[in-house]
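Sequential numbering from 1429 applies to the sequence shown in the working numbering. Yeah, the Cβ is synthetic: ideal placement off N, Cα and C, and Gly gets one too. The structure displayed is predicted, hence computed values, not measured ones.
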Amino acid sequence: MKKIIFLAVSALLVLNLPLVRVLSISNRKNFSEKIYSRSGARDGFAISYTHSVNKGRVHDFYLPAGDGGLELFMTEFVSYGAGIPEPYETDGAEFHSTDNGYIISGLNRRLPKLVMAVGVIAEHSVSFGKTAMEGMEFSGNNEFFLKEFFKPQTSLVFEIKRVSILNYFITKKLEVKNE
């Protein structure tokens, strides 16, 4: 009997240890509303939205930083508008012109966490996986529209954190399909 109790207590302890590293996307006012992504915490992610002025799609690319935060390392956009960074604002940033628009790489902006609101018409989405990070291609396989998970105008917190195995399994997850 003592052995069974010991094993049960040990299993509960292991299930509650923060062993799983995830990108957590949570409602800033109600942290019980959240989704997790392991691939986002491992490989990074892209936030995409329709710019309010020029109506072009903007893609901001983030990597997990060594200190547990996030690093905005690149942005891709169709044309300049309010809020688009200038390459001269950041040492080491490089400006590139492509067939699809423009890229500013080498931004290296570190954030402890990213706070943003789900737009009403911006069509905010988050993408994961190698296609999102390397090829800058977005498709139904790895692009998730935030309004499908949170109400428009909900303030969200994106952060890298460790969660328990139990918490991970009972929380909704966003993962790359067919990778």
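- Around the beta carbon of N1570, 16 or more other beta carbons lie within 10 angstroms, which makes this residue buried.
- The C-beta distance from V1546 to K1575 rounds to 6 Å, short enough to fall under 8 Å.
- For a cut-off of 8 Å, the C-beta gap from K1589 to S1452 is around 5 Å, short enough to register as a contact.
- Just measuring C-alpha positions, the residue of V1506, Y1596, M1544 and I1512 sitting nearest D1527 is V1506.
- A direct Cα-to-Cα measurement between Y1516 and Q1581 gives close to 32 Å.
- Considered as a whole, the segment 1475-1557 harbours 1485-1492, 1498-1505, 1522-1526, 1529-1539, 1542-1545 and 1553-1556 as its complete beta strand (DSSP E) runs of no fewer than 3 residues, in chain order.
- With a cutoff of 8 Å on beta-carbon distance, E1504 and R1538 are scored as not near each other.
- About 5 Å separates the beta carbon of R1449 from that of A1469, a gap short enough to meet the 8 Å contact definition.
- Linking H1487 to F1523 through their CA atoms gives a straight-line distance of about 15 Å.
- Residue pairing by DSSP puts K1589 in a beta bridge opposite V1450.
- Bridge partners of S1438 according to DSSP: none are assigned.
- Using a Cβ distance threshold of 8 Å, V1543 and Y1464 do not count as a contacting pair.
- Between the alpha carbons of N1595 and G1494 lies a gap of roughly 23 Å.
- The secondary-structure analysis by DSSP pairs F1572 across a beta bridge with V1554.
- A Cβ-Cβ contact shorter than 8 Å links E1551 with T1478.
- In this structure, the beta-carbon distance from F1556 to F1489 does not fall below 8 Å.
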